[in-house]
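So the sequence shown is numbered by numbering that gives the first Met the number 0: it starts at 0 and just counts up by one. Ideal Cβ placement from N, Cα and C applies to all residues, glycine included.
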Amino acid sequence: MDPLLFQQRFNAASAFARRFHQEGFDRPLPEQLLFRFNPIGISGPAVPPDLDPPPGYPTIDRRSCEELLTSREAIAQLWRGGLVPEWIDFRVTGHTSVATIIELDACALFLGDETRLMHQKEGWAPFHVVGFYPQHPGVQELPPRPAPTAGYGRDHPAILYLTGAEIPADQAVSVEIRHAIILCSDATTDQVVSLLRPARGTLRTLNLHGTSVDDSIFSSLPDFSRLYNVSLDETGVTQAAIDRFAAEHPSIALSPRPTGWHLSRDQGLPGPGGSLT
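What follows is the structure, encoded as structure tokens:
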């Protein structure tokens, strides 16, 4: 990716993150922006499993999770000689007296082919602004949050975030929902599908990491006409079911990846002698 284009998208996404989360704070957020990487958000395969990483393959310095960075410093971690993470999520997690704090989740897979980056339909590929998340310790002057076990981000009805063991019995979903993060360990396929049914025409992304859904989820996903990204890591789905669904619905990105998904060296990895500096 061109470095100027990447910087422009980084700046546009971070500015929008500040505006998007302003309603969750009791006072105006400072215009100055500082960034910190989420240590549990640097995830995903470093390289496709069937390719050996070349020497110097880029990684994000974990010390970036402990420090507040300027935009220039954050970009230096993310843009590596034309390679950038497959996806990068922004969320405001707090502020100091002079700066708004934006936390970054970034995929560990660096790509060189812009067409393979996520958030092509929404956001500024590979950037996307997401809703409230459990607070990283140490951020000052925190905004009020909804209860972590259930609820929408305050004044952001397009985002549903649920944690805990079970989906609350009285939980309702608005037809405006576009992004659902359901991390309830005991949530079954029937419960998830029933909960999200009102959003069949609006839901774009669905994260069911660690839930109890199984292969039966794939029979319901096509009912969500605008869905384009589904995370099913550490669930009961099988690789065979993932492969079948991916073959029939190539427009929906899945995690875990279908068998055979890979990037050639000229698509995602630097070729012989390629520079990563």
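Three-state class that DSSP yields for residue i in the structure shown
{"i": "I59", "result": "coil"}
{"i": "L68", "result": "strand"}
{"i": "A16", "result": "helix"}
{"i": "Q6", "result": "helix"}
{"i": "H155", "result": "Since pLDDT at H155 reaches only 49, below the 50 mark, its modelled position is unreliable, and no value is offered."}
{"i": "F36", "result": "strand"}
{"i": "D1", "result": "coil"}
{"i": "P84", "result": "strand"}
{"i": "P126", "result": "Reading off the sequence, residue 126 comes out as Phe, not Pro. Looking at F126 - three-state DSSP - the assignment turns out to be strand."}
{"i": "R243", "result": "helix"}
{"i": "I283", "result": "There is no way to answer for residue 283, as the model of the chain reaches only from 0 to 276."}
{"i": "R196", "result": "helix"}
{"i": "L161", "result": "strand"}
{"i": "V97", "result": "coil"}
{"i": "V236", "result": "coil"}
{"i": "L253", "result": "strand"}
{"i": "T188", "result": "helix"}
{"i": "L103", "result": "strand"}
{"i": "I293", "result": "As displayed, the chain neither begins before 0 nor continues past 276, which places residue 293 out of reach and without an answer."}
{"i": "N26", "result": "Checking the sequence shown, residue 26 turns out to be Arg, not Asn. In the structure shown, R26 sits in coil (DSSP, three-state: anything other than H, G, I, E or B)."}
Nearest candidate by alpha-carbon position, reference residue i, set the options
{"i": "L279", "options": "A179, A252, S70, D213", "result": "It is not possible to answer for residue 279, since the shown part of the chain is limited to 0 through 276."}
{"i": "G200", "options": "F217, T188, S224", "result": "S224"}
{"i": "S184", "options": "L68, Q119, D232, F5", "result": "D232"}
{"i": "V129", "options": "I176, A164, F109", "result": "I176"}
{"i": "V192", "options": "I216, Q170, G209, Q6", "result": "I216"}
{"i": "D1", "options": "V236, W78, E66", "result": "W78"}
{"i": "P257", "options": "Q238, S250, I251, H248", "result": "Q238"}
{"i": "S218", "options": "G93, A198, R243", "result": "R243"}
{"i": "G3", "options": "L68, A75, L67", "result": "In the sequence on display, residue 3 carries Leu and not Gly. Minimum Cα distance to L3 is reached at A75."}
{"i": "D222", "options": "L159, H248, V236", "result": "H248"}
{"i": "V91", "options": "K120, H118, P167, H20", "result": "H20"}
{"i": "I59", "options": "F109, Q170, G209", "result": "F109"}
{"i": "L68", "options": "A164, I101, G80, L28", "result": "I101"}
Proximity of residue i and residue j at Cβ, strictly below 9 angstroms
{"i": "E30", "j": "T95", "result": "no"}
{"i": "G122", "j": "L82", "result": "no"}
{"i": "A11", "j": "L32", "result": "no"}
{"i": "F36", "j": "L103", "result": "yes"}
{"i": "V172", "j": "R196", "result": "yes"}
{"i": "S230", "j": "L194", "result": "no"}
{"i": "I181", "j": "L161", "result": "yes"}
{"i": "I34", "j": "F126", "result": "Checking the sequence shown, residue 34 turns out to be Phe, not Ile. In this structure, F126 does not lie closer than 9 angstroms to F34 by Cβ."}
{"i": "A240", "j": "D214", "result": "yes"}
{"i": "Y227", "j": "A252", "result": "yes"}
Buried versus exposed call for residue i [16 or more other C-beta atoms within 10 Å across all chains shown]
{"i": "R71", "result": "exposed"}
{"i": "R18", "result": "exposed"}
{"i": "V97", "result": "exposed"}
{"i": "E85", "result": "buried"}
{"i": "A186", "result": "buried"}
{"i": "D169", "result": "exposed"}
{"i": "D114", "result": "Here residue 114 turns out to be Thr, not Asp, going by the sequence shown. Exposed, because fewer than 16 other Cβ atoms sit within 10 Å of the Cβ of T114."}
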